[in-house]
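Numbering (our numbering), first residue to last: 8 to 59.
Please read the structure below before turning to the comments.
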Amino acid sequence: VFRKYVMEGYSHREIAEQLQLSEGTSKWLLSESRKNLKNWLSFIDSEYKYGQ
């Protein structure tokens with residue numbers, strides 16, 4: 008969902024049709040993906056800052 012929405016420009020309606028999901032589920036999955044990415048980037052940043 009993240010790739011289709013952010014990188015490929017599909018709407019939630021289009022993603023829902025392609026993946027046989029509801030639009031709400033598509034939105035939720037995008038939100039979860041963004042949270043996971045934010046957490047991962049924060050972890051990488053802290054490892055870089057304190058690992059030197």
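We put the beta carbon where it would ideally sit given N, CA and C, even for glycine.
Keep in mind the model is a prediction, meaning the values are calculated, not measured.
Which whole-angstrom value is the C-beta distance of E30 and A23, which I expect to be below 8 angstroms? So it is a contact: roughly 5 angstroms between Cβ atoms.
L48 versus T32: straight-line alpha-carbon distance, rounded: 24 angstroms
By the three-class DSSP mapping on this structure, what secondary structure does V8 have? coil
Express the C-alpha separation of Q27 and V13 in angstroms, rounding to a whole number. 19 angstroms
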